[in-house]
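> Pasting a structure below so you can have a look.
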Amino acid sequence: MNPFLDSLATAARLVADRDPQLLHIVGLSLSVSGIACLVATALGLLAGAMIAVWRFPGRSGVIVVLNTLLALPSVVVGLIVYLLLSRAGPLGAWGILFTPAAMVIAQSLLVTPIVAALARQTIEDAMRDHGEQLRSLGATRLECALIIAWDERLAILTLALMAFGRAVSEVGAVMMVGGNIAGVTRVMTTAIALETSKGDLPVALALGFVLLGVVLVLNVVIGALRGWRIRGDREAGVLP
Amino acid sequence: MRLGDRMTPLLELRGATVRFGPKVALNAVDLAVARGERIALVGANGSGKSTLLRALHGLVPLAGGERRMAGAPRIAMVFQRPFMLRMTVRANVELGLMLQRVPRAERRERAMHALERVGLASEAGRIGRVLSGGQQQRAALARAWALRPEVLLLDEPTASLDPSAKREVETLVGEFAAQGITVLISSHNLGQVKRLASRVVYLEHGRLLADVPTARFFDGPLPEEAMRFLRGELPWD
């Protein structure tokens, strides 16, 4: 039999049999990235809203930096968090390097700029169109931003899902700060990298399938949310 | 002599100037608004009507001059295209009350009362954005009216509506004015100005060029610029 097809068949069997090792890796991946996504959404939304509504010196510079951080390489984030959490680093006393907590911190740092930059754009565009009407009702600038964020909740949810997709599929940061320790910090991406280097392609492929499946489900949900929003706006006559 | 000078103004602008970058949107405008007046602001697009309403509300900073108020009158504003949140009509009407920290139970009661007032009680549970243009404008009027305003500022509230919706909104504005609410309305519809206003303010390029009783605005004499506007010779830039 073709080695590739053979690997595919073994991978499918591992997924179908709900292999305990596989399930643990998948569970850890989803929980680390899920928590990082929640943290990033809270921080990013707040930062994005504040930048959207407040005018302060250097604001344009902050926006340029924020947009640049959208393309932040995960290994750079991994390196920074590693330096911060390593024994000699400023946060070394926490003793959390090579734990899931360190991985959550790294992934949160990686995806917070994504949420912040896109939330700022979303809120600022809506503020330009509707901010004055909200202020005429007595809303402060921050209240305007919060009302608009609530009104754009589908767009914000889409951002959160995008952030989750980015977090769950990155490998550089979690590898550096997690250490890929079996049963402790091994997640899907680091396991795929390890198994591939060992030549154990069925396990790598099985994890790859699960990861692809997660990303696929995310994209389907994002697409559905977008479609729902567009349909709503079309019914309301906001879109042609 | 300007009409408002003889009355005790509820709201007043003195030498008000508003700039948007290099553009002077409002140029040293004096306007005194007495309680219960119905004032129409007329002028071509870009003449400063909307900016004047926003300056009266305090929504734009003045580059010069001052804004004075007798006490702290409650001011509400309705825009040409009202912003409806992706929430129910009732929640949209409650929004202003929520921002004014009105307790929940009172908020609900006042919102429903306002919706009944504008004939939209049956639509209270629908999503605000799916209402027709005329219904959205009535919901916006309900949102403003629920705040129990002493001054109602209306920025071309019927400009994008069909004739029947226009008539409905105009009737409501007339009823609000009859209740004693001070109304300032910007409009391109001179028939509407005649029907609703007791005083007309004419603006051109951000300057206030005429401030006269409605009858005099249509029968003259007026400054030459306002006469040209009435003859349909619009002062485009």
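Chains as they are written, first to last, in our numbering: chain L, -15 to 224; chain Y, 71 to 307.
Even glycine gets a Cβ: it sits at the ideal position worked out from N, Cα and C.
Does the CB of Leu183(Y) have a neighbour CB from chain L at under 8 Å?
A small fix is needed here, since residue 183(Y) is His in this sequence, not Leu. By this cut-off, His183(Y) is not an interface position.
> What is the rounded straight-line gap between the Cα of Val95(L) and the Cα of Ala188(L)?
Cα-Cα distance, rounded: 25 Å.
> I want to see whether chain Y comes within less than 8 Å of Leu121(L), judged by CB atoms only; does it?
True, the Cβ-Cβ gap to chain Y drops below 8 Å.
> Could you tell me the boundaries of the beta strand (DSSP E) in which Val103(Y) lies?
93 to 104 is the span of the beta strand (DSSP E), which, as asked, contains Val103(Y).
> Quick check on the DSSP output: the beta strand (DSSP E) that includes Val155(L) runs from which residue to which?
Unbroken run through Val155(L): none, as it is neither H nor E.
> Comparing the C-beta of Leu169(Y) with each C-beta of chain L, is any distance below 8 Å?
By this cut-off, Leu169(Y) is an interface position.
> Mind checking whether Cys21(L) and Ala144(L) have CB atoms under 8 Å apart?
Result yes, Cβ atoms of Cys21(L) and Ala144(L) sit closer than 8 Å.
> Closest to Ser70(L) by CA distance: which of Gly197(L), Met160(L), Ile206(L) is it?
Closest by alpha carbon: Met160(L).
> What's the C-alpha gap between Val172(Y) and Leu185(Y)?
Each residue's alpha carbon lies about 17 Å from the other.
> Go to Met32(Y), then tell me how far its beta strand (DSSP E) extends in each direction, as first and last residue.
Nothing about residue 32(Y) can be reported from this structure: the residues present for chain Y run from 71 to 307 only.
> Can you tell me whether DSSP reads Thr25(L) as helix, strand or coil?
Thr25(L): helix per DSSP, three-state reduction.
> Which of helix, strand or coil does DSSP assign to Gly74(Y)?
In this predicted model, Gly74(Y) has a pLDDT of only 46, less than 50, meaning its place in the structure is not dependable enough to derive any value.
> How many angstroms separate the CA atom of Met147(Y) from the CA atom of Arg124(Y)?
Distance between the alpha carbons of Met147(Y) and Arg124(Y) is about 9 Å.
> Tell me whether Ile64(L) sits in a helix, a strand or coil according to DSSP, three-state version.
Helix, per DSSP.
> Just to confirm before moving on: does the CB-CB distance between Glu226(Y) and His275(Y) stay below 8 Å?
Not closer than 8 Å, so no.
> Please list the partners that Gly216(L) has in chain Y, where partner means a Cβ-to-Cβ separation under 9 Å.
Correct list: Arg156, Ile197, Arg199, Val200.
> Quick one: measure Cβ to Cβ for Val159(Y) and Leu217(Y), integer angstroms, because I've assumed they're closer than 8 Å.
Rounded, the Cβ-Cβ distance is 16 Å, inconsistent with contact.
> Under DSSP, the alpha helix (DSSP H) around Ile107(L) begins and ends at which residues?
Where Ile107(L) is concerned, the enclosing alpha helix (DSSP H) stretches over 84 to 120.
> Can a CB atom of chain Y be found closer than 8 Å to the CB of Leu209(L)?
For Leu209(L), the answer is no, since every Cβ of chain Y falls outside 8 Å of its Cβ.
> Can you name the residues of chain L whose CB is closer than 7 Å to the CB of Met147(Y)?
Going along chain L in sequence order, the residues near Met147(Y) (Cβ under 7 Å) are Ser120.
> Anyone know if the C-beta pair for Gly198(Y) and Met168(Y) falls short of 8 Å?
No, the pair does not count as a contact, with Cβ atoms beyond the cut-off.
> Run through DSSP, which three-state label would Ser(-9)(L) get?
If DSSP states are grouped into helix, strand and coil, Ser(-9)(L) belongs with the helices.
> What span of residues does the beta strand (DSSP E) with Glu82(Y) cover, start to end?
Element bounds for Glu82(Y): 79 to 90.
> Report the rounded CA-to-CA distance for Pro224(L) versus Ala229(Y), giving the unit in angstroms.
Because Pro224(L) sits at a pLDDT of 49, beneath the cut-off of 50, its placement in the model cannot be relied upon, and the following sentence gives the value as read from the coordinates. For Pro224(L) and Ala229(Y), the distance between alpha carbons rounds to 20 Å.
> Grouping DSSP H, G and I as helix and E and B as strand, with all else coil, what is Leu254(Y)?
Strand.
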